[in-house]
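J.: Start counting at 1 in the first sequence, then tack on 511, and there's your number in the numbering used here. All C-beta atoms in this analysis are idealised placements derived from N, C-alpha and C, irrespective of residue type, glycine included. Keep in mind the model is a prediction, meaning the values are calculated, not measured. Submitted below is the structure of interest, expressed as structure tokens.
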Amino acid sequence: MPLKIFNVLGREKTDFIPLEEGHVGMYVCGPTVYDHAHLGHAKTYVSFDLVVRYLRYIGYNVLYVQNITDVGHLTETEFGEDKILKKARATQSKPMQLVETYTRSYFEDMDVLKVTRPDISPRASGHIPEQINMIQTLIEKGYAYEVNGSVYFDVTTAPNYGKLSNRRLDEQAEGTREAVRSEKRNPQDFALWKRADPEHILRWDSPWGEGFPGWHIECSAMAKKYLGDTFDIHGGGIDNIFPHNECEIVQSECCNDAEFARYWMLVGSLNVPDPIEGIPVKMSKSLGNFVTVKDALAKYRPEVIRMFVFSAHYSNPVTYSDEVLAAASAGWERLYNAVRLTRQMMADAPNTDDGNSFDARVNQLKADFCAAMDDDFSAPKAIATLQEFTRDVNTLLNSGTTIGLSTLESIEAVYRELGGDVLGIIPESDIATSNNAQREAGLIELLIELRAQARKAKNWAESDRIRDELQKLGIILEDRPDGTIWKVE
RNA sequence: GGCGACGUAGCCAAGUGGUAAGGCAGAGCUCUGCAAAAGCUCCAUUCACCGGUUCGAAUCCGGUCGUCGCCUCCA
512 MPLKIFNVLG
522 REKTDFIPLE
532 EGHVGMYVCG
542 PTVYDHAHLG
552 HAKTYVSFDL
562 VVRYLRYIGY
572 NVLYVQNITD
582 VGHLTETEFG
592 EDKILKKARA
602 TQSKPMQLVE
612 TYTRSYFEDM
622 DVLKVTRPDI
632 SPRASGHIPE
642 QINMIQTLIE
652 KGYAYEVNGS
662 VYFDVTTAPN
672 YGKLSNRRLD
682 EQAEGTREAV
692 RSEKRNPQDF
702 ALWKRADPEH
712 ILRWDSPWGE
722 GFPGWHIECS
732 AMAKKYLGDT
742 FDIHGGGIDN
752 IFPHNECEIV
762 QSECCNDAEF
772 ARYWMLVGSL
782 NVPDPIEGIP
792 VKMSKSLGNF
802 VTVKDALAKY
812 RPEVIRMFVF
822 SAHYSNPVTY
832 SDEVLAAASA
842 GWERLYNAVR
852 LTRQMMADAP
862 NTDDGNSFDA
872 RVNQLKADFC
882 AAMDDDFSAP
892 KAIATLQEFT
902 RDVNTLLNSG
912 TTIGLSTLES
922 IEAVYRELGG
932 DVLGIIPESD
942 IATSNNAQRE
952 AGLIELLIEL
962 RAQARKAKNW
972 AESDRIRDEL
982 QKLGIILEDR
992 PDGTIWKVE
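Structure below.
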């Protein structure tokens, strides 16, 4: 069954057919790095991580490009201020120093969340010449004009402007605050290049004097450079559909005389209940209602945060709450317990094919899982297939019958592939690798042995004491008919 | 005002014409020295509301109400 994607461009779910068979070019709008990433960013980038992982799983060769926006952008309000410059001033640091700090922070967070790194992470500041080139082309073709050292895109020259967000120029409310000192021909014209005021630190030479690029042009320039004029998938958060994505499209298509991205995938925002009425509102830096990825990771495992992100379809908005995270946590725990049990039973399973009729169930899972993912990357459905499978696995493993190694291996393998490689919610292995961890494991095994002796002698006080003390250290013991297993909390 | 998304059990959430997936929480049971884990059973005659189309609608059409996002920087 072919993969289907809901294309925001046209609002239709259609078969995904890449430009070049077997290859996918994908661009996702990355963060502006003037602060630590919050869970809203995590939702977007974990969502696209799943897209990339699944495309690769089903055999596509994916080239994944995600920019880093490290050039501040002047808001066009009267009191508008460049966020990077503002933050740099507040922290008494150089803008590029600040940007480097938060770029590193971003990658650290994404690494912990098991987000696969993009193949290319181009910085806007490193692509000024490419942006200038595009702007020049747009001027030459008559789509853009220069005024006082700034360059604007004339939206009236592009009939398709608004095709992604279904906006028509005449329906827009006339510019509210931006009309104040407009040197633009039309209120809706957007900046490609801005003249730098004397106090503006981030500045580059250009044919129009010293200045800095507009926000939208960087994505157009970097997508063109690394993916070509036309590529397969463009992603981002729904909050950037207008004006950012719309401007990207119009300037790229006018500059290149070619279609820009063929499939648009936009992720729903992460909301937070407002503290007074409990009404969900978007998590954002400017509202101050954000939870940083670092804070969230202090409370929840990365796999649980991914599980939370996957609990709703990527295009839906999701509301953050401790209750929902707790549910994700409990649900994840059940999945992972089954994986752990499978791995532990593999250690001393007979090398037979006992129980291999279960292989049919494993194949059924693969089919169900892929059917869910082929339907516009429906992670909630995909996880449901894993949960149903897990119930059957638990029944098998607790049935008391002998299960051969090959059956256990195929169960473990399917968890590793679908839960690990694709969803990124099943850790590779918890086999201790470091010397310290091996020593710790040996000590725990020794205590379990001592406890087993106490239990045999019905010395419940002693056996419970060992279990309780270990629990205080974060080691959980579970007694099974065939012995005691342990896990770290 | 314009554009877009959405309203399914206590909570989260699948489900786009054929009679309500899954998870969490809750109740009961089984197993167990106890605990934990796991399994079983129960938990929406009903899908915001009102009309309409249809043999049949949560799903299609029209309307009403409500929520969120975007239209200014934002993932």
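With distance defined between alpha-carbon atoms, name the residue in Gly953, Thr995, Tyr654 nearest to arginine 696.
T.: Comparing Cα-Cα distances from arginine 696 to each of Gly953, Thr995, Tyr654, the minimum goes to Tyr654.
J.: What residues match up with arginine 927 in a beta bridge as DSSP calls it?
T.: Per DSSP, none; premise fails for arginine 927.
J.: Whose C-alpha, out of Leu916, Pro938, Ala972, Lys998, is nearest the C-alpha of alanine 952?
T.: Taking only the C-alpha atoms, the option nearest alanine 952 is Lys998.
J.: Judging by CA-CA distance, which residue of Glu1000, Arg966, Asp546 is the nearest neighbour of proline 992?
T.: Out of Glu1000, Arg966, Asp546, Arg966 has the C-alpha closest to the C-alpha of proline 992.
J.: Which residues does DSSP pair with serine 661 in a beta bridge?
T.: Per DSSP, Val658.
J.: Please name the residue or residues paired with alanine 702 in a DSSP beta bridge.
T.: Alanine 702 pairs with Tyr663.
J.: Could you compute how far the alpha carbon of methionine 884 sits from the alpha carbon of isoleucine 516?
T.: Methionine 884 and isoleucine 516: Cα-Cα distance of roughly 10 Å.
J.: Is it buried or exposed, methionine 733, if we count other Cβ atoms within 10 angstroms and call 16 or more buried?
T.: Buried: at least 16 other Cβ atoms inside 10 Å.
J.: Is the distance from the Cβ of threonine 913 to the Cβ of aspartate 865 below 9 Å?
T.: Cβ distance < 9 Å, so threonine 913 and aspartate 865 count as in contact.
J.: DSSP three-state label for leucine 777, please.
T.: If DSSP states are grouped into helix, strand and coil, leucine 777 belongs with the strands.
J.: How would you label phenylalanine 527, buried or exposed, when you count the other beta carbons within 10 angstroms and need 16 or more for buried?
T.: By the 10 Å Cβ count, phenylalanine 527 comes out buried.
J.: Go through its chain and collect everything with a Cβ distance to threonine 830's Cβ below 6 Å, but skip five positions before and after it.
T.: Closer than 6 Å at Cβ, skipping near neighbours: Asn782, Pro791.
J.: Let me check one thing: in DSSP terms, what residues is histidine 711 bridge-paired to?
T.: Answer is none; histidine 711 lacks a bridge partner.
J.: Excluding the 5 residues preceding and the 5 following serine 917 in the sequence, name in chain order all residues of the same chain whose CB lies nearer than 7 Å to its CB.
T.: Taken in chain order, the residues that qualify are Asp864, Asn867.
J.: Taking 7 Å as the limit between beta carbons, can you name the residues of its chain near arginine 714, skipping five residues before and five after?
T.: Counting only Cβ-Cβ distances below 7 Å, and skipping sequence neighbours, we find Ala707, Glu721, Gly722, Phe723.
J.: Quick check: the Cα distance between glycine 570 and glutamate 532, rounded to an integer number of angstroms?
T.: The straight-line gap from Cα to Cα measures roughly 11 Å.
J.: Tyrosine 556: which of Ile643, Asp990, Arg817 sits nearest, CA to CA?
T.: The option with the nearest alpha carbon to tyrosine 556 is Arg817.
J.: Should threonine 901 go down as buried or exposed, given a rule of 16 or more other Cβ atoms within 10 Å for buried?
T.: Classification for threonine 901: buried.
J.: Just to confirm before moving on: does the CB-CB distance between tryptophan 726 and alanine 702 stay below 9 Å?
T.: Yes, they are a contact pair.
J.: Suppose contacts are defined by Cβ-Cβ distances below 9 Å. Is proline 640 in contact with valine 576 by that definition?
T.: Cβ atoms of proline 640 and valine 576: not closer than 9 Å.
J.: Using DSSP with H/G/I as helix, E/B as strand and the rest coil, what is glutamine 608?
T.: Helix at glutamine 608.
J.: Give me, in chain order, the residues of the same chain whose beta-carbon lies closer than 7 Å to that of serine 717; leave out the 5 immediate sequence neighbours on both sides.
T.: So the list reads Ile643, Trp704, once near-sequence residues are dropped.
J.: Give every residue of the same chain whose Cβ lies closer than 6 Å to the Cβ of valine 610, excluding the five residues on either side of it in the sequence, and list them in chain order.
T.: Closer than 6 Å at the Cβ level, and outside the excluded window around valine 610, lie Val544, Asp581.
J.: What is the DSSP secondary structure of glutamate 757, counted as helix, strand or coil?
T.: Correct three-state label for glutamate 757: helix.
J.: Taking 8 Å as the threshold, find out whether the segment 890-904 comes into contact with the segment 871-880 through three or more Cβ pairs.
T.: With a cut-off of 8 Å, the segment 871-880 and the segment 890-904 count as touching, because enough Cβ pairs lie within range.
J.: Is the beta carbon of proline 891 less than 9 Å from the beta carbon of alanine 972?
T.: Taking 9 Å as the Cβ cut-off, proline 891 and alanine 972 do not qualify as a contacting pair.
J.: If you follow the beta strand (DSSP E) that lysine 998 is part of, which residue opens it and which one closes it?
T.: It spans 994-999 - the beta strand (DSSP E) in which lysine 998 sits, taken as one unbroken run.
J.: If you drop the 5 nearest sequence neighbours on each side, which residues of the same chain put their C-beta closer than 8 Å to that of valine 802?
T.: Here the set comprises His549, Leu550, Val783, Met794, Tyr831.
J.: For phenylalanine 723, write down the residues that DSSP places opposite it in a beta bridge.
T.: Bridge partners of phenylalanine 723: Lys705.
J.: Counting Cβ pairs, one atom from each stretch, are 3 or more of them under 8 Å apart for the segment 672-679 and the segment 613-631?
T.: Output reads no: the segment 613-631 does not touch the segment 672-679.
J.: CB-CB under 6 Å to valine 850, same chain, minus the five flanking residues each way: which ones, in chain order?
T.: Once the five neighbours on either side are set aside, the close Cβ partners of valine 850 are Tyr926, Ile937.
J.: Taking the CB atoms as reference points, tell me whether valine 815 and alanine 839 lie closer together than 9 Å.
T.: Against a cut-off of 9 Å, the Cβ pair of alanine 839 and valine 815 comes out as a contact.
J.: So, with DSSP's three-state summary, where would you put phenylalanine 517?
T.: Here phenylalanine 517 sits in strand by DSSP.
J.: DSSP three-state call for isoleucine 787: helix, strand or coil?
T.: Isoleucine 787: coil per DSSP, three-state reduction.
J.: Quick one: what's got a C-beta closer than 7 Å to aspartate 700's C-beta in the same chain, skipping five residues either side?
T.: Result list for aspartate 700: Tyr663, Phe664, Asp665, Val666, in chain order.
J.: Quick check on DSSP: helix, strand or coil for valine 535?
T.: Reduced to three states, the DSSP call for valine 535 is strand.
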